[in-house]
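In short: position in the sequence shown from 1, add 314, done, that's the numbering used here.
Take a look at the structure below.
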Amino acid sequence: FTGNNMVMTIGTLNKKTTWKDTLSIWGFSFVGNLIGSMLLALIFVNAGLAKGAVGKFILKTAEIKMTLPPMELFLRGLLCNILVCLAVWCSLKMKEEAGKLIMIFWCLFAFISSGFEHSVANMTLLSIALFIPHGLGVSISGLAYNLIFVSLGNIIGGALFVGAAYYKISKK
């Protein structure tokens with residue numbers, strides 16, 4: 315979903331696709347990622363990996379993510395997808411595999427260590443929290459709340475700040 319925010323925007327601005335195609339791809343990839351994230355979360359929980367200190371950490375993190383102010387979620391999502399889409403862009407532009415891996419690593423390391431918000435990562439983490447015993451601070455409505463604002467930030471970060479910017483500077 316997040317990489318498609320950049321890729322589909324560039325394709326649409328270059329008139330290779332339509333905005334209808336772009337929205338369709340975004341919708342299908344979002345739902346596909348959500349289903350895959352929930353399946354991965356179920357496997358993780360049923361493998362016994364969300365017990366003890368790990369489970370407590372996941373619940374604490376999920377509760378924080380489900381209660382952050384909307385603007386913080388949006389802006390963290392925006393910043394996150396700028397870095398994610400730069401990683402995708404670098405992997406498409408660089409020729410050497412080692413260089414691609416190094417750039418992808420540093421872009422992703424930067425977003426993870428900075429506390430930015432990634433919708434697909436949150437789909438998995440928040441689903442794990444929902445699938446283990448939890449308090450009132452973890453809820454389906456909290457998951458939806460987080461995903462709405464983070465996903466909107468991811469879209470703006472990937473589509474506008476990277477996709478449209480790339481289109482603008484690469485036009486002849």
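Ideal placement from N, C-alpha and C gives every residue a C-beta, glycine not left out.
Contact between the region 318-336 and the region 477-484 (3+ Cβ pairs under 8 Å): Judged by Cβ distances under 8 Å, the region 318-336 makes contact with the region 477-484, as three or more pairs qualify.
Touching by the beta-carbon criterion (3+ pairs, under 8 Å), the region 329-348 and the region 421-429: no
Bounding residues of the alpha helix (DSSP H) (the contiguous stretch that carries asparagine 318): In the DSSP assignment, asparagine 318 falls within the unbroken alpha helix (DSSP H) covering 316-327.
Secondary structure of valine 547, DSSP reduced to three states: There is no way to answer for residue 547, as the model of the chain reaches only from 315 to 486.
First through last residue of the alpha helix (DSSP H) which encompasses methionine 352: 333-360
Close beta carbons around leucine 393, own chain, < 6 Å, minus the five adjacent residues each side: Answer for leucine 393: Phe430, listed in chain order.
Residues near cysteine 404 by beta carbon distance below 6 Å, same chain, minus five either side: These residues qualify, in order along the chain: Met417.
Three or more C-beta pairs below 8 Å linking the region 378-396 and the region 459-468: yes
Neighbourhood of isoleucine 372 by C-beta distance below 8 Å, restricted to the same chain and skipping five residues each side: Ala364, Leu439, Ile442, Ala443, Ile446
Contact check, phenylalanine 342 vs cysteine 399, beta carbons under 9 Å: no
Best match in Asn436, Lys370, Met320 for proximity to glycine 449 [C-alpha to C-alpha]: Lys370
Burial state of leucine 457 (16 or more Cβ within 10 Å): buried
Top-ranked residue by Cα proximity to tryptophan 340, from Gly350, Ala435, Phe315, Gly477: Phe315
Contact check, asparagine 347 vs serine 433, beta carbons under 9 Å: yes
Buried versus exposed, by CB contacts within 10 Å (16 or more), leucine 387: buried
Proximity below 9 Å, CB of asparagine 328 to CB of glycine 472: no
Nearest to threonine 381 (by Cα), restricted to the options Gly477, Val452, Lys485: Nearest option by C-alpha distance: Val452.
Runs of alpha helix (DSSP H) lying entirely within the region 421-445, each at least 4 residues, in chain order: 433-445
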